[in-house]
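Numbering (our numbering), first residue to last: 56 to 393.
Ideal placement from N, C-alpha and C gives every residue a C-beta, glycine not left out.
Input: a single structure, listed below in structure tokens.
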């Protein structure tokens with residue numbers, strides 16, 4: 056049973072949530088006054104809590120919640136929830152001295168190049184700077200599927216949509232660096248990158264549903280690609296600080312949804328709390344990578360701030376070069392704003 060074998064390999068022998076630096080958001084997130092943040096998937100558990108903590112303790116000027124298009128009432132509800140959770144304690148304590156972060160919703164469907172371009176264009180029309188870009192959105196699901204351009208849905212959403220968004224926003228990030236700032240890109244990968252198929256990435260099948268692969272392998276190759284993306288961006292954009300992170304094994308809505316599709320996940324749900332942490336703990340590696348002075352560009356970090364845990368395939372330079380070449384071919388013609 057490939058699913059069980061791959062899951063067990065990561066769950067039993069992976070590093071999970073162990074070790075690392077001590078990082079307490081309330082004490083260690085520096086002032087982000089005047090800065091601008093964009094977080095993909097920020098309506099979901101991890102992204103939303105990342106936005107809450109940055110708003111509460113860093114107080115950037117603006118945080119953009121980039122997530123699936125929805126009605127205006129639903130967008131307003133997301134923004135209001137983040138704002139409420141970030142500042143409700145301030146109201147109780149009557150601490151209203153520091154300006155609150157302006158939270159804004161921006162539409163983003165990572166399975167559509169057109170939507171990614173529209174998101175980047177809308178952001179660029181509103182902002183002259185970008186200090187922290189968190190490529191957080193992601194899926195893991197049993198059901199097979201493809202993006203609007205025909206790519207396997209895990210690879211298309213988790214990796215390729217984020218590649219295009221990052222490339223479109225790099226000019227704004229570099230403009231920010233030229234002003235003396237140190238922009239960050241946080242790429243949310245996973246220890247699940249170790250579940251990638253033999254050889255790492257099945258390039259010849261990426262523009263299909265990869266029907267012959269187990270879902271854990273489809274997910275694994277997308278997360279492996281994100282580690283290579285981190286290294287590639289760090290080499291080609293040295294004025295930016297770029298890090299990949301594994302958040303840890305977290306009890307999120309995404310995990311709850313997977314229980315409905317996977318018998319293995321459903322059967323192991325009762326013991327999940329022994330291997331997993333709540334969202335409030337899981338986002339610490341996000342926050343560390345977004346704000347700590349100890350981050351080294353191009354590295355992959357497991358919780359919290361631990362390097363050297365990536366697989367041999369994640370260190371494979373030839374695989375990284377092939378991925379970069381393949382990626383450029385796929386997005387050629389759509390990687391620049393008009």
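Problem set entry | For residue 351, the nearest candidate out of 241, 119, 178 (CA to CA) | Residue mapping note: residue 351 aligns to position 296 of the chain shown, counting from 1. Checked all of 241, 119, 178; the closest Cα to residue 351 is 241.
By a C-beta neighbour count over all protein chains shown, 10 Å radius and 16 as the cutoff for buried, is residue 141 buried or exposed? Within the chain shown, numbered from 1, the residue matching residue 141 stands at position 86. So residue 141 counts as buried.
- Query: So, helix, strand or coil for residue 261, using DSSP?
  - Reply: Along the chain shown, read from residue 1 onward, the residue named residue 261 stands at position 206. Looking at residue 261 - three-state DSSP - the assignment turns out to be coil, as it is neither helix nor strand.
Q) Is the distance from the Cβ of residue 185 to the Cβ of residue 93 below 8 Å? A) Position 130 of the chain shown holds residue 185. Position 38 of the chain shown holds residue 93. Against a cut-off of 8 Å, the Cβ pair of residue 93 and residue 185 comes out as a contact.
ask   = Would you report the Cα separation of residue 287 and residue 353, rounded to the nearest angstrom?
value = For the purposes of this step, residue 287 is identified with residue 232 of the chain shown, where counting begins at 1. For the purposes of this step, residue 353 is identified with residue 298 of the chain shown, where counting begins at 1. Each residue's alpha carbon lies about 8 Å from the other.
Measuring CB to CB, does residue 334 end up less than 8 Å from residue 358?
As a position in the chain shown, residue 334 is number 279, starting the count at 1. As a position in the chain shown, residue 358 is number 303, starting the count at 1. The Cβ atoms of residue 334 and residue 358 lie no closer than 8 Å to each other.
Beta-bridge partners of residue 359, as assigned by DSSP:
Within the chain shown, numbered from 1, the residue matching residue 359 stands at position 304. Residue 359 pairs with nothing; no bridge assigned.
Next on the checklist: Taking the alpha-carbon of residue 199 as reference, which of 267, 174, 232 has the nearest alpha-carbon?
Outcome noted: As a position in the chain shown, residue 199 is number 144, starting the count at 1. Distance from the Cα of residue 199 is smallest, within the candidate group 267, 174, 232, for 267.
- Query: By how many angstroms is the C-alpha of residue 154 removed from the C-alpha of residue 383?
  - Reply: Counting from 1 along the chain shown, the entry for residue 383 is found at position 328. Counting from 1 along the chain shown, the entry for residue 154 is found at position 99. Straight-line Cα distance between these residues: approximately 42 Å.
- [ ] Examine the Cβ distances between the stretch 162-174 and the stretch 229-247 and report whether three or more of them are shorter than 8 Å.
- [x] The stretch 162-174 makes no contact with the stretch 229-247: fewer than 3 CB pairs, one atom from each, lie closer than 8 Å.
*Coil, strand or helix - residue 325 by DSSP*: Against the chain shown, residue 325 aligns to sequence position 270. Residue placement at residue 325 is poorly supported in this model, since its pLDDT is 48, which falls under 50; the coordinates still yield a value, given next. Taken through DSSP and simplified to helix, strand or coil, residue 325 comes out as helix.
* With a threshold of 16 other CB atoms inside 10 Å of the CB of residue 90, please say whether the residue is buried or exposed. => Counting from 1 along the chain shown, the entry for residue 90 is found at position 35. Taking all protein chains in view, the Cβ of residue 90 is crowded by 16 or more other Cβ atoms within 10 Å, so the residue is classified as buried.
In this structure, how does DSSP classify residue 117 when only helix, strand and coil are distinguished?
The count along the chain shown starts at 1 and reaches residue 117 at position 62. In the structure shown, the three-state DSSP call for residue 117 is strand.
Residues of its chain near residue 75, where Cβ-Cβ distance is below 6 Å and the 5 sequence neighbours each way are ignored:
Position 20 of the chain shown, counting from 1, holds the residue named residue 75. Only 358, 359, 360, 361 meet the Cβ criterion.
(request) With DSSP collapsed to three states, give me the class of residue 390. (result) Here residue 390 refers to the residue found at position 335 when the chain shown is read from its first residue. When secondary structure is reduced to three states using DSSP, residue 390 falls in the coil class, being assigned neither helix nor strand.
*asked:* Measuring CB atoms only, is the stretch 94-110 touching the stretch 369-378, in the sense that at least three cross pairs come out at less than 8 Å?
replied: In short, these stretches do not touch, since the Cβ pair count stays below three.
Which residue comes first and which comes last in the alpha helix (DSSP H) that contains residue 239?
-> Translated into positions along the chain shown, residue 239 becomes position 184. Run containing residue 239: none in the alpha helix (DSSP H); it sits in the beta strand (DSSP E), 239-243.
Item checked: Selection from 247, 225, 345, 278 that minimises the alpha carbon distance to residue 113 -> Walking along the chain shown from the start, residue 113 turns up at place 58. With distances taken between Cα atoms, residue 113 lies closest to 345.
Could you give the DSSP three-state label for residue 178: helix, strand or coil? Translated into the one-based positions of the chain shown, residue 178 becomes position 123. It is helical.
Q) Measuring CB to CB, does residue 159 end up less than 8 Å from residue 119? A) Mapped onto the chain shown, residue 159 falls at position 104. Mapped onto the chain shown, residue 119 falls at position 64. Yes, Cβ-Cβ distance for residue 159 and residue 119 is below 8 Å.
Item checked: Within 8 Å, strictly: CB atoms of residue 270 and residue 197 -> Here the question's residue 270 lines up with position 215 in the chain shown. Here the question's residue 197 lines up with position 142 in the chain shown. Cβ atoms of residue 270 and residue 197: closer than 8 Å.
Check: Using the C-alpha atoms, what's the distance from residue 381 back to residue 389?
Finding: Within the chain shown, the letter at position 334 stands for residue 389. Within the chain shown, the letter at position 326 stands for residue 381. About 14 Å.
Report task. Rounded to whole angstroms, what's the CA-CA distance from residue 282 to residue 342? Just pull it up for me. Result -> The residue labelled residue 282 in the question sits at position 227 within the chain shown. The residue labelled residue 342 in the question sits at position 287 within the chain shown. Straight-line Cα distance between these residues: approximately 18 Å.
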